[in-house]
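Per the UniProt record's numbering, the sequence shown starts with residue 1, numbered consecutively. Scroll down for the structure; my scribbles are underneath it.
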Amino acid sequence: MIPAFIEPLPEALLPLQQRAKQRWLNALAEHQLPAVPWSDERQALFLHLATLSDFILEYAVRCPNKTIALAASGELDRTLVPGETRYQLNQCLAHCETEEQLILQLRLFRNRQQFRIIWRDLSRQAELGETCRDVSALADACIDAAYQWLYQQHCALFGTPIGRCSQQPQHLVVLGMGKLGAYELNLSSDVDLIFAYPEAGETQGAKRSLDNQEFFTRLGQKLIKALDVITAQGFAFRVDMRLRPYGSGGPLVYSFTAMEQYYQNQGRDWERYAMIKARVVGGAHSNGAALLRILRPFVYRRYLDFSAIEALRSMKQLIQQEVRRKDMDDNIKLGSGGIREVEFIAQAFQLIHGGRDLSLQQRPLLNTLDTLSAQGYLTATDVTELKESYRFLRYTEHALQAVADRQTQTLPDTPIEQQRIATIMGFANWTEFLQRLAYERKDVEKHFREVIADPDCEEDEEIIGGEWLPVWEQTIDDESASQQFIQAGYSDGVTAVQRLHLLRNGSQVRAMQRIGRERLDAFMPRLLSQAAEHDTPDLVLERVLPLIEAVARRSAYLVLLTENPGALLRLITLCAASPWIAEQITRFPALLDELLNEGRLYRPPLAPELAAELRERLMRVPEEDVEQQLNVLRHFKLAHRLRVAASEIAGTLPLMKVSDYLTWLAEAILEQVMLLVWQELVRKHGYPKQLDGCPCELNFIILGYGKLGGIELGHSSDLDLVFIYDCDPQAETDGPRPVDGAQFYTRLGQRIISMLTTRTTSGGLYDVDMRLRPSGDAGLLASTLTAFERYQLQEAWTWEHQALVRARVVAGCPQLAERFNQVRQTVLAKQRDLIELRSAVSEMRWKMRDNLATQITDGGRNANAFEANMPFDLKQDAGGIVDIEFIVQYAALAWSWQYPELVTYTDNIRILDALNASQLFTQDDVLLLQEAYKSYRAAAHRFALQKQRAVVGGESFHPERHAVLRIWQALGLE
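Spelled out as structure tokens, the structure:
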């Protein structure tokens with residue numbers, strides 16, 4: 001029977017209906033099936049739904065037998081009883097004997113259930129709550145049934161894991177997070193999981209025992225593959241493990257003790273937010289309940305925790321920045337007034353009051369809203385409005401995903417797809433639907449502001465810069481305008497007027513829509529007024545107006561600057577101080593978001609917070625969406641590089657800290673790029689194997705050489721990298737498209753380089769130089785640690801050992817990193833002939849001077865090199881940066897066999913400290929070299945921010961240059 005709300009399809013969709021009908025008839029004929037024994041009402045409903053949902057149609061034409069059988073079973077017309085989904089899946093898996101059969105049956109079952117769920121949702125035979133429960137129950141069944149099957153297989157192979165203290169068999173606990181935990185999965189959701197096990201120990205009952213950690217890691221890998229891998233039948237559920245401690249960079253599984261320690265010592269606010277909905281969805285449910293009790297104090301504080309509001313506000317600001325940057329306002333989940341804001345409202349009260357008010361310690365959102373009303377936190381009217389808006393938004397989300405069984409929350413932009421969504425939602429056309437959607441989103445936004453918004457942020461109603469309105473609108477002549485500029489403190493009024501003419505008459509401004517032009521007209525007087533208050537207003541106009549032209553077509557940024565006078569002031573200050581910053585913001589206007597918060601702008605986060613923030617941002621991106629991942633990485637780099645530059649200009653960061661932050665930034669990005677590529681290749685090829693034939697986790701490290709290795713990165717430094725791995729290079733991976741281990745890690749290296757260097761409209765990440773790897777450009781892109789050690793000991797040139805002094809692990813496997821450090825120590829601590837060493841180091845320095853130093857002063861070695869009219873290259877000329885680096889490298893190679901502490905660190909300052917402690921250099925000489933090095937680098941940084949070469953007049957740095965040359969000669973270097 002056709003549900004009452006189903007009306008005839010609009011004319012625009014009739015061709016799709018005709019196509020659906022023809023394809024269905026063709027499928028019946030192809031499978032030699034007679035006419036379907038359906039009533040006219042059932043046939044009409046099927047064609048209606050097949051027109052609206054490509055998934056319904058594709059499943060039906062691919063599996064007409066199963067479609068007919070499903071309809072005959074009556075399951076399309078009734079609600080499943082609790083446990084029925086799991087019972088049906090167990091029947092399907094009863095005869096599975098191999099992992100391949102398990103993977104196949106999971107997908108066949110999932111597709112059948114998905115057809116039933118979408119059918120009932122689109123026909124409104126199922127309410128929102130039922131649809132979410134059914135999808136969640138399906139996920140629960142697939143996760144736990146797959147786990148139980150795989151657990152038995154692993155115990156047969158490796159023995160049963162036994163707890164060291166309890167001496168009891170151990171099971172994995174699978175926590176479902178987010179919407180899965182709250183029984184609120186949408187039609188095409190990922191499942192966010194965390195794996196844990198009760199206690200350490202090892203397996204018993206097999207020839208070779210495994211540590212419990214390794215057993216459950218292997219089991220977890222297999223479980224993810226069983227659910228996530230894409231086959232001809234699709235997938236069961238996309239699995240996202242990034243909510244676990246340390247994100248993708250952490251172990252796949254954790255003991256209960258490790259989990260407790262992490263959340264107690266390092267858990268962040270957003271992890272509290274995520275843990276609210278955690279629920280045991282697979283494995284040992286009784287042990288899982290104990291784990292959740294252990295973690296509850298982390299989520300719910302015993303005191304009233306109003307800091308949660310600020311944390312949620314900060315999270316929302318980050319999301320808004322992403323939305324603004326990607327023009328994602330059509331995203332009904334993340335955009336203003338979207339699903340996420342309703343969730344934030346409920347969770348704000350849960351985090352603040354949940355420690356004392358136990359009634360708030362629950363997972364489902366709608367139930368939480370009812371409790372907020374019953375307990376007096378929100379009025380009944382507010383809750384009713386929020387629930388109505390939430391249901392409408394979730395129904396819209398399901399409509400978007402039901403079309404093609406695709407995870408999306410973005411409104412379509414083609415007329416046919418728009419009509420489909422409007423029809424699913426019960427509206428005659430797209431316009432009517434949008435009006436209702438806008439109403440609901442505006443209502444959510446209002447409630448969100450009342451709960452979450454910062455009370456100190458109020459709109460500034462004062463009209464600033466009114467005296468400049470006639471100048472901008474050209475209601476006075478150019479001569480009068482020029483005179484006004486002069487009187488306001490500009491030195492060249494005529495040029496200022498000409499710059500405004502160029503902006504007004506530029507193609508970008510002329511092409512602006514009315515609302516954009518109104519925003520520009522409101523902004524320009526403010527800019528001219530604030531620029532006049534700066535010491536160099538002419539410079540401000542010269543550097544800021546190109547930015548205004550660049551954002552003219554994206555006038556939301558003009559609103560941002562108009563409504564945030566502090567941000568505009570910071571923009572003016574930074575652009576006046578540095579043309580490099582002005583150019584960066586002009587090229588990437590999304591960086592304007594960074595100017596909103598002065599505290600954040602001038603206080604970049606420390607390394608752990610930096611890495612955690614990047615992990616958090618990437619968690620919001622689907623794992624398979626490489627383009628969006630790259631955009632997040634690029635914007636993250638640009639934003640934090642801007643913050644470091646701003647802090648350097650403001651004087652809140654000294655030189656050494658600037659390099660530290662830029663190096664930490666590169667390390668955080670390298671770590672995440674490596675993990676993203678690893679996950680991509682594992683999905684495609686499976687896991688590489690160890691020499692014992694067992695699959696292995698990421699046994700790969702990235703070495704940083706040069707400035708990266710020495711923790712001395714500048715604002716535009718490239719990265720000198722070397723890749724090392726450890727696995728059986730000949731053994732094939734265990735995935736659907738196997739490759740040998742050497743090829744796997746070579747591809748890993750290639751993809752890392754590609755992600756770092758690929759340039760789009762949002763720029764690139766870093767330029768990469770791989771020439772320091774063994775055998776340079778002729779060598780393998782990635783080599784085993786054994787091959788690397790053999791090369792360094794038997795074939796490497798002296799200059800390669802010089803480079804190794806500054807080499808360190810910047811990302812990758814901690815165990816392999818420790819082994820590399822031992823190899824590095826062995827190579828560098830080799831006793832060398834000092835005469836040969838001096839000759840080799842001197843010869844390399846001569847070559848560099850001949851090719852890179854100032855030619856007219858013979859690389860700074862002529863007597864006239866110290867004259868005022870002669871240039872001095874801070875880096876390459878005699879007595880400069882490279883000479884200090886070579887002195888340090890020579891000393892490390894000459895004496896580390898006696899003083900291994902000389903190669904403990906990779907940065908020049910601390911190696912010099914070690915030379916002082918070892919009494920190889922006098923304290924005075926060490927201080928001279930350190931101060932000279934820091935002075936040179938500070939000057940080089942200033943030149944970089946001014947977009948100038950690091951070259952000064954020959955009269956500069958005389959004491960430093962003479963001191964460096966004296967020490968150089970004293971060492972016998974030429």
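Ideal Cβ positions, reconstructed from N, Cα and C, are used throughout, including at glycine. On a predicted model such as this, the values are computed, not experimentally measured, just so you know.
- Ranked by Cα distance from residue 960, the options 922, 883 and 334 are led by 883.
- Positions of the alpha helix (DSSP H) runs, each at least 4 residues long and wholly inside the segment 555-621, are given as 556-563, 565-577, 579-587, 598-601 and 607-619 in order along the chain.
- Three or more Cβ pairs closer than 8 Å define a contact, and the segment 689-698 falls short of that threshold against the segment 631-641.
- The DSSP assignment places complete beta strand (DSSP E) segments of no fewer than 3 residues inside the segment 796-877 at 808-812 and 871-873, in order along the chain.
- In its chain, beyond the 5 residues on either side, 385 and 389 have a beta carbon closer than 6 Å to the beta carbon of residue 443.
- Per the coordinates, the alpha-carbon of residue 909 lies some 41 Å from the alpha-carbon of residue 682.
- Assigned with DSSP and collapsed to three states, residue 403 falls in coil, not helix or strand.
- Assignment of residue 702 by DSSP, reduced to helix, strand and coil, places it in the strand class.
- Taken through DSSP and simplified to helix, strand or coil, residue 257 comes out as helix.
- Looking at 761, 645, 774 and 649, the one whose alpha-carbon comes closest to that of residue 716 is 645.
- Here residue 398 is near residue 131, since their CB atoms are less than 8 Å apart.
- Under the three-state reduction of DSSP output, residue 689 falls in the strand class.
- If only uninterrupted alpha helix (DSSP H) runs of at least 4 residues are considered, those enclosed by the segment 739-770 are 741-757.
- CA-CA distance, residue 747 to residue 966, rounds to 48 Å.
- Taking the CA atoms as reference points, residue 779 sits about 37 Å from residue 609.
- The C-alpha of residue 58 lies about 33 Å from the C-alpha of residue 174.
- Secondary structure note for residue 959: it is in no beta strand (DSSP E), and the uninterrupted alpha helix (DSSP H) holding it is 958-970.
- Setting aside the 5 residues that flank it on each side, residue 387 is surrounded in the same chain by 366 and 369, each with a C-beta closer than 7 Å to its C-beta; the list follows chain order.
- Judged by DSSP in its simplified three-state form, residue 191 adopts strand.
- The DSSP assignment places 279-283 as complete runs of the beta strand (DSSP E) inside the segment 261-289, in order along the chain (cut-off: 3 residues).
- Counting along the chain, residue 163 sits inside the beta strand (DSSP E) bounded by residues 160-163.
- Note that the C-beta distance between residue 943 and residue 932 is not below 8 Å.
- In summary, residue 846 is exposed, with fewer than 16 beta-carbon neighbours lying within 10 Å of its beta-carbon over all protein chains present.
- When DSSP assignments are scanned along the segment 910-961, the uninterrupted stretches of alpha helix (DSSP H) that are 4 or more residues long and fall wholly within it turn out to be 923-945.
- CA-to-CA, the gap between residue 675 and residue 504 works out to about 47 Å.
- Straight-line measurement puts the Cα of residue 698 at about 27 Å from the Cα of residue 801.
- For residue 551, no beta strand (DSSP E) segment is defined, and its DSSP state is neither H nor E.
- Here residue 178 is near residue 277, since their CB atoms are less than 8 Å apart.
- In this structure, the alpha-carbon of residue 349 lies about 38 Å from that of residue 585.
- C-alpha of residue 848 to C-alpha of residue 875: approximately 11 Å in a straight line.
- The criterion of a C-beta distance shorter than 8 Å is satisfied by residue 964 and residue 929.
- Going by DSSP, residue 57 is part of the alpha helix (DSSP H) stretching over 54-62.
- Taking the Cα of residue 799 as reference, the smallest distance to any Cα among 727, 705 and 790 is reached at 705.
- Between the beta-carbon of residue 159 and that of residue 209 there is about 6 Å, and that keeps the pair under the 8 Å contact cut.
- DSSP, read as helix, strand or coil, puts residue 232 in coil.
- Exposed is the label assigned to residue 446, since fewer than 16 other Cβ atoms lie within 10 Å of its Cβ.
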